[in-house]
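To start, the structure under review is shown below, and the notes come after it.
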Amino acid sequence: MTRSFRIQRNRDQHTVRLVFAGTPDFAATALRALIAAKHTIVGVYSQPDRPAGRGRKLQPSPVKQVAIDHGIPVFQPETLKTPEARQQLADLRPDVMVVAAYGLILPKPVLEIPTHGCLNIHASLLPRWRGAAPIQRAIAAGDADTGITIMQMDEGLDTGAMLLKSLTAINPGDTGGSLHDRLAELGGQAIVKALELLEKGELSSEPQNDDLACYARKLSKDEGHIDWTTEVVAIERLIRAFNPWPGTYTDLGDQRIRIHEATALNDTGNKPAGTVLRRERDGIDIACGTGSLRITRLQLPGSRAQSVNDLINGGKALLMPGQELR
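Residue numbers (UniProt numbering): 1 to 326.
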């Protein structure tokens, strides 16, 4: 069953009063798209400034910086659960609140303040990959495609009605970083389109099928520890999914080696999983549960990421055939 949304229009191109809520780069891309589309943004919500950099000085979020650059009022409450925070939002008289990776919970009274509710830009094709890390989970699972869902927010975790979807293929070389950037652009385009349909009275909703839902749990650094007994295709996907964060790694003795780029091969070399099979300038081959992994770019403790060719040129006697990784 679908439900249509309609908003009263006048002669102006855009009549919707928007409040935007978001924090990281993903959200900043969407905010820039709304600004470029000349939407009326009456306020921007972002998480409070956090310490960053060597000096640990307070830094504005990417979303806050975009808002400042365009003269949009910024609000940074620690929570939206207080009466004061709710009144502050209500005073902006928003028709719609657009939410993208904000990082704060929106309680029911907040969801009910905008005339047409809160629209979320979610980086998956819902109901698949509800939750915190849909981009990385889609790559790690070997999904052929993913996309953006514009969703009407409710009190659940990414359970609201779907308003618009935009699809993109997951390419064989995609990393968490490259797919993030592509989905950020797609998210900006999708929310602009959704608001255009809303103004025309052509935006329809479709409930999610909970039976098809799966959850993209939050990423942890521990997940990046490679289990060499796993099949090579799963390891290769994990390396791409966790690039650039939280990264993947393996241990050689007491040295932690981070793996940035690798290719899956079919040959196992008949050696135990984790054994170095080959060390040449084009890569270092490691036996896996099935197949072998050719590492082409890595990072040693205290060093920057480098190619295997540069590692060999540096004369490091590491990752030699027969050595075992854990």
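Ideal Cβ placement from N, Cα and C applies to all residues, glycine included.
Assigned secondary structure, residue i (DSSP; H/G/I helix, E/B strand, else coil)
i, result
"R17", "strand"
"L195", "helix"
"P62", "helix"
"F26", "helix"
"I113", "coil"
"P51", "strand"
"H39", "coil"
"N171", "coil"
"R11", "Here R11 scores only 48 on pLDDT, less than 50, and its place in the model should not be relied on; the value that follows carries that caveat. Correct three-state label for R11: coil."
"N120", "strand"
"A273", "coil"
"A317", "coil"
"Q189", "helix"
"R326", "coil"
Any non-hydrogen atom of the ligand NAP closer than 7 Å to residue i Cβ
i, result
"N266", "In the structure on display, the ligand NAP does not appear, and there are no ligands present to speak of."
Status (buried if at least 16 other CB within 10 Å, exposed otherwise) for residue i
i, result
"H122", "buried"
"L311", "buried"
"D145", "exposed"
"S46", "buried"
"P114", "buried"
"E112", "exposed"
"S124", "buried"
"N313", "exposed"
Assumed close pair residue i, residue j - CB separation to whole angstroms, cut-off 8 Å
i, j, result
"residue 390", "T268", "Only positions 1 to 326 of the chain appear in this structure, which leaves residue 390 out of reach."
"T29", "A184", "4 Å"
"A85", "P77", "5 Å"
"T15", "E199", "7 Å"
"I239", "H180", "Not quite, the Cβ-Cβ distance comes to about 16 Å (not below 8 Å), so this is no contact."
"L164", "K193", "6 Å"
"R297", "A305", "6 Å"
Element boundaries [alpha helix (DSSP H), containing residue i]
i, result
"Q88", "P83 to A90"
"R93", "It is not in any alpha helix (DSSP H) - R93 carries neither H nor E in the DSSP assignment."
"L125", "Here L125 belongs to no alpha helix (DSSP H), and DSSP marks it neither H nor E."
"R237", "V232 to A241"
"I257", "It is not in any alpha helix (DSSP H) - I257 instead sits in the beta strand (DSSP E) that spans Q255 to L265."
Where the beta strand (DSSP E) containing residue i begins and where it ends
i, result
"S135", "In the sequence under discussion, the amino acid at residue 135 is Ile, which differs from the Ser named in the question. Premise fails: I135 lies in the alpha helix (DSSP H), P134 to A140, not in any beta strand (DSSP E)."
"M151", "D145 to Q152"
Cβ contact check for the segment 106-117 and the segment 146-155: 3 or more pairs under 8 Å | Touching, per the Cβ criterion.
Does the segment 282-302 come close enough to the segment 227-238 to have 3 or more Cβ pairs within less than 8 Å?
-> Touching, yes.
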